[in-house]
Each structure stands twice: as structure tokens, then as C-alpha cells.
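Before any comments, here is the structure.
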Amino acid sequence: MLKLVFRDVPSDITIEVDGATFSLHKFPLVSRSGRIRKLVAEHRDSDISGIELPGLPGGADSFELAAQFCYGVNFEITASNVAQLCCVSDYLEMTEEYSKNNLGSRCEEYLENELKIVTRCIDAIASKACAEQIASSFSRLEYSSSGRLHMSKQTKCEGDWWIEDLSVLRIDLYQRVIAAMKCRGVRPESIGASLVNYAQKELIKKSSLRNQSNQPKVELTSGASSHESLVVETIISLLPVEKFAVPIPFSSLDIATLDDLLIPSFRHAGDTLFDVDTVHRILVNFSQQDDSEEDMDDSSLFESDSPSSPSQTALFKVSKLVDNYLAEIAPDANLKLNKFIAVAETLPAHARTIHDGLYRAIDVYLK
């Protein structure tokens, strides 16, 4: 089958899998397979003509299907071969990073659209997490010395085994799992703990690994920044609004710097240079912590340092940060007036004691 595709072009690479030899062509293989691309790149100087793929799942039969896919040969993905194709696509790194509509995503689409496996797995995870939290709550019921029934104090994130497990998921799947958990009634503080853990794993640790990488930064910057922006936006959209749901160190906007808010925008032509929508959502979440305490009197509000709302000192710092941010993004010709106003009005009125910084930002915008 493969020989018929490029029958007039002599093969320039030989792939060996479990004793079987395939005489193929580099271009269709490296355009789809990240693993083969890396192996060819490692031996670029020696002009490699043969590659061995030890331990390939499914052996020669699986590789032949994957190779057919690389050559554009149509074949049907079925319930009997989808698991085999998933394994071989993972081994060969046939992901969207290397080619659109690659074998890995095609298999995932089949599992989701035809077998509904992804949706069923997500529902199962959400249901199990919710059921275990309910069981944990009942187990903490006990009688006090006075004979009254009460609930003992819960250990932080007790029984939330899934927090660490979910951190390995791709961001789109993680978003669906968290959304399902919210619908099932999983505790907001557990959702918050999971979001913090995912952000630490996906952003901080991976950023550290990239800094240690020998790859040129030019090759990494665009794709990495776009992915990080997507992760940040998704996490912010999933943040629970309930009090005490998110650990305070994770939402300490008052210790952020201007550079922290200058998130590059990687969307489409005509958009702003920086991601204003994401920053606006961050500020809305911060302000909601303060709004939750509006029923308190003015003096307690201004002096409060409780974990449920930002202190007045924190509000002052954030207001100054926001004004500096507005002044920085104001010269952007693509920044619409409604977005500028939305960011400026996010904080409560008592956050600013003076408005010099805001006036300066407005002046820059009008120029």
C-alpha cells in the first residue's frame, strides 16, 4: 500500500520494527511524527538512512497503520483498532504540536464522538469525587459532650485524592472535569486547591524546565506563551467565587508587579497588544472578595485583614497597580474605550484615596 503512494520516488529512510523493515520517505513521516522528527534531527549531519523503533506498541502492524496515516492513506478507525492506534500515536508523538488533525487527536475524537468514553470518564471522576466528599462529611459527624450532634473539623482537602491526579491532564480536559465537579457539588475549597495545584504544575514548573532547556528561546517563546496564556485564562474562568475557596497566597494581587499583568495577547489581528480581558477577570475576582464584606460597617471593612476580603492596604496597592497598568496599555490603538473603562471601574470606590494615577492613565489614553 505505501509503495503505491510515492512509487516514482526512491525511499530515503528505512524503519525497523520488531524485525520488519519498511522502506519509506522522510518527509511524510517527520511531518506527522515528533519522535521520528527528533531522531532524524539528531543524525542530521550523518544523513541517517535507518531508524529502529524498539518497543513500539502493537509491533509492525500498528506501525504500518501509523505510516499509512502519515502518507495520507485513508483507513477507518474502529472500536477494535482505536486502542492500538492511541498507543502507537502516543509512542510516535503524533500530536497537534507537529501537525493539525494528527492521529492522536483523530483517535481522541473517535473515543469522544463515537464511544463517548471521555465524557463518561469525566462524569465518573466528578461523581466519585462528590460521593467521597459526602461520605467524608458523614464520617465527621459526632456528638459533643452536651449530647448535640455536630461536625468535627475537616482536615485540609481531606480525601481529595484527585487534586494531584488531575494535574497531568491537558488544559481542555482539566477544564471539563472541573466544570463537571462544580455541577456535581464538589466543595469550592477543593476546586480552589486543585486550581492552585494545576497552575503550579503547569506554569511554574514547566517554565523552570524550559529555562533549563538547551533549545533556542526563539523556538519556544511563541508557542509556550500562547499555551501559558490559555492556561491562565482557563484557571481564572474556573475560580470559585465562594469565600475561603482559593488560598490567599494564590490570589495576593497586592504583591504583583506591573510586568505580572502585562500578559501578551496571541489571538488575532486587530486585538490589543496585551491580554486585557484576562487581567479584567483577575481584578473582578479580587474585587468580589471585597464585595462579600459589604454588609460590614465601614470601620471594620477598612481594618479587616481576614482571609475573606482584602485589607484596605491591599486595595491601595492594587489600585496603584491598576492605574499604572492602564497608563501602560493606554497608547494601544486597538484598546477600546469600554475595555479601558471596565478595568478602571473594577475596584470599589474606596480603593483609591487619590486619583492622580487614574487621571494620568486617562490623559495618556486620550492622546
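Residue numbers (my numbering): 1180 to 1546. Even glycine gets a Cβ: it sits at the ideal position worked out from N, Cα and C.
Comparing alpha carbon positions, the residue from Ala-1509, Ala-1528 and Arg-1299 closest to Arg-1539 is Ala-1509. Judged by beta-carbon spacing, Ile-1370 lies beyond the 9 Å limit of Lys-1380, meaning their Cβ atoms are not closer than that value. Where Ala-1493 is concerned, the enclosing alpha helix (DSSP H) starts and stops at 1491 to 1508. If you draw a straight line from the Cα of Leu-1218 to the Cα of Val-1209, it is about 9 Å long. One Cα belongs to Ala-1435, the other to Leu-1409, and the distance between them is close to 20 Å. Taking the Cα of Arg-1299 as reference, the smallest distance to any Cα among Asn-1517, Ala-1359, Arg-1214 and Ser-1373 is reached at Ala-1359. The closest CA to that of Ser-1346, considering only Ala-1378, Glu-1368, Arg-1355 and Arg-1363, is found on Ala-1378. Secondary structure of Leu-1294 (DSSP, three-state): coil.
Cβ contact annotation for Glu-1421 (same chain, cutoff 6 Å, sequence separation greater than five): Pro-1367, in chain order. The Cβ-Cβ distance between Ile-1256 and Tyr-1277 does not fall below 9 Å. Cβ contact annotation for Leu-1514 (same chain, cutoff 8 Å, sequence separation greater than five): Thr-1451, Val-1455, Ile-1508 and Tyr-1544, in chain order.
For Gly-1237, the three-state secondary structure derived from DSSP is coil. In the DSSP annotation of this structure, Gly-1229 is not part of any alpha helix (DSSP H); the continuous beta strand (DSSP E) holding it starts and ends at 1229 to 1231. In the three-state scheme derived from DSSP, where H, G and I count as helix and E and B as strand, Ala-1512 is classed as coil.
The beta carbon of Ala-1308 sits closer than 7 Å to those of Trp-1341, Met-1360 and Val-1365, all from its chain and outside the five residues before and after it, given in chain order. For Cys-1286, the CB contacts under 7 Å within the same chain, skipping 5 residues up- and downstream, are Ile-1256, Val-1261, Leu-1264, Cys-1265 and Ser-1268 in chain order. Inter-residue distance for Pro-1419 and Glu-1291 is about 27 Å (C-alpha atoms, whole angstroms). Membership of Leu-1440 in the alpha helix (DSSP H) is indicated by the continuous run 1437 to 1440. Excluding its 5 nearest sequence neighbours in each direction, Thr-1532 has C-beta neighbours in its own chain below 8 Å: Phe-1495, listed in chain order. CA-CA distance, Tyr-1353 to Asp-1511, rounds to 34 Å. With 16 or more other Cβ atoms from the protein chains shown falling within 10 Å of its own Cβ, Thr-1525 counts as buried. According to the DSSP assignment, Leu-1271 belongs to no alpha helix (DSSP H), since it is labelled neither H nor E. Check the Cα spacing between Glu-1293 and each of Pro-1443, Ala-1220 and Ser-1259: the tightest is with Ser-1259.
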